[in-house]
Structures are given as C-alpha cells and as structure tokens.
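Report on the following structure.
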Amino acid sequence: MAHFPTLEEVDAYWHGLRKGRPLPRRAEIDPRGFQNALPGCFLLERISPHEARFRVAGSALADLMGMDLRGMPFSALVVPDDRIRMRRLLDGMFRTPSRMRVEIRAGGSHRGDGAMLVLPLSDSGGEISQALGVVAVSGRPGACVPQRLCLGRGQLLPLTTRPAPRPEEMSARPPAARRRPRLVLVHPTL
Numbered sequence: 001m002a003h004f005p006t007l008e009e010v011d012a013y014w015h016g017l018r019k020g021r022p023l024p025r026r027a028e029i030d031p032r033g034f035q036n037a038l039p040g041c042f043l044l045e046r047i048s049p050h051e052a053r054f055r056v057a058g059s060a061l062a063d064l065m066g067m068d069l070r071g072m073p074f075s076a077l078v079v080p081d082d083r084i085r086m087r088r089l090l091d092g093m094f095r096t097p098s099r100m101r102v103e104i105r106a107g108g109s110h111r112g113d114g115a116m117l118v119l120p121l122s123d124s125g126g127e128i129s130q131a132l133g134v135v136a137v138s139g140r141p142g143a144c145v146p147q148r149l150c151l152g153r154g155q156l157l158p159l160t161t162r163p164a165p166r167p168e169e170m171s172a173r174p175p176a177a178r179r180r181p182r183l184v185l186v187h188p189t190l
C-alpha cells in the first residue's frame, strides 16, 4: 500500500494510547496529538452490527463529499457498489477487534488514489462501539461533489501487543568506548 504520513501519524498516536491494553478509550482521544492529520480524520459511532455514523469529520472529508458528514452513515462515503463490502469490513473491525486499512480511489473529476485507516475505540463501559479514522487522498478534490470513494484492497490487521525488546547479549569483548547517548524513534509498521 502507498505511504501516507497522516495515516501513520494517527496509527502511531492510537498505538501510543493503548499502553499495553487491547484498545484505547474514546475519552483519551485528544486531537492535539495528531494535528497534521485532522482535516482527514473522523470519529465513528457504531449504530448496528454493520453500520456506523459519523460523530465528527474533518474538513477534507467535508470538501470531498460537499457536505458536513455529522450524523451521516459511514457507508455514504463509498460508492453504492462497495457498501456491502465496507459494512463487512467495518463489522469485522468492531467484532474482532482489529485495525481496518483500505486502499481507496476518489471518483468524479478527482481521480486521486488514497487510503483509509479505521481504528477501534472502547467507550466508558468498555464496549467497542466507536472508532477513530483517517482518510488520505492524493491531489485535490475536483469541482464535482460528492465524490464517493471506490474501495481497493482492504485488510483487517490483528491487534498485537508489541514484544519487549530483547536484552542485549553479553559480549566476551570489553565494552567499547562510551558513546554519546542518543534517542532512536521507532515508528510502528502497519
């Protein structure tokens, strides 16, 4: 799948909130943690086994669809032919739970390729009924709206706890000269 920094930013933020737990809580989400991705972000609330609705959606999604998406069904984001598939992916994401990543293509006069990432969240009662998502599409939307999305390859990625790093093996050689300490950032992979 193509590289979209905004998806990676939201994914890293979500993983950081887990703190060894299966899922972060909705109440822990702070938009300041993924400011660069906000225009393409959204929050979903599950309303049935196969459907969710937008609680809030960023400006890039409003521009793509030509309207505020609050209260709209999540399936309205995709072309009618892909709605059943989207509902199955969404149901699997909530039920398993797992991360959902889908390649997308915007239709209409804007033929940009992109990707969508949807990450489950638990509510105050511990139920998996909400999700944080982000859409990234290359280029700019065309004048013709709404531009529903066509689904490409979709994946449900299992939730795993990251293994603790292995302790360094003891070496028979004496330690090397003391080096300056450094910080190495490890970016989660999808």
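Taking the numbering used here, the leading residue of the sequence shown gets 1, the next gets one more, and so forth.
Glycine is no exception: its CB is placed at the ideal position from the N, C-alpha and C atoms.
All values derive from a computational prediction rather than experimental measurement.
{"query": "In whole angstroms, what separates the C-alpha of F54 from that of E9?", "result": "21 Å"}
{"query": "What is the rounded straight-line gap between the Cα of K19 and the Cα of M86?", "result": "29 Å"}
{"query": "Mind checking S48: buried by the 16 CB within 10 Å criterion, or exposed?", "result": "exposed"}
{"query": "Determine, for L119, whether the minimum Cβ-Cβ distance to residues of chain B falls below 8 Å.", "result": "Of the protein chains in this structure there is only one, and it is not chain B."}
{"query": "Could you spell out the range, first to last residue, of the alpha helix (DSSP H) harbouring S59?", "result": "59-65"}
{"query": "Just the C-alpha distance for D123 and D113, rounded to the nearest angstrom, thanks.", "result": "32 Å"}
{"query": "Check each candidate in R99, Q155, Q147 and name the one with the smallest Cα separation from H15.", "result": "R99"}
{"query": "Excluding the 5 residues flanking R70 on each side, which residues of the same chain have their C-beta closer than 8 Å to its C-beta?", "result": "F54, R55, V56, A57"}
{"query": "By Cβ distance, which residues of its chain are closer than 6 Å to R83, with the 5 residues on each side in sequence left out?", "result": "S75"}
{"query": "Considering only DSSP beta bridges, list what M100 is partnered with.", "result": "V118, L156"}
{"query": "What is the rounded straight-line gap between the Cα of P39 and the Cα of T160?", "result": "28 Å"}
{"query": "Excluding the 5 residues flanking E51 on each side, which residues of the same chain have their C-beta closer than 7 Å to its C-beta?", "result": "P73, F74, S75, R87"}
{"query": "The alpha helix (DSSP H) spanning F74 covers which residue range?", "result": "It is not in any alpha helix (DSSP H) - F74 carries neither H nor E in the DSSP assignment."}
{"query": "Looking only at its chain, what residues have a beta carbon closer than 8 Å to the beta carbon of Y13, apart from the 5 residues adjacent to it on each side?", "result": "G33, F34"}
{"query": "Put L7 into one of helix, strand or coil per three-state DSSP.", "result": "helix"}
{"query": "Going by DSSP, which residues form a beta bridge with F42?", "result": "A57, G133"}
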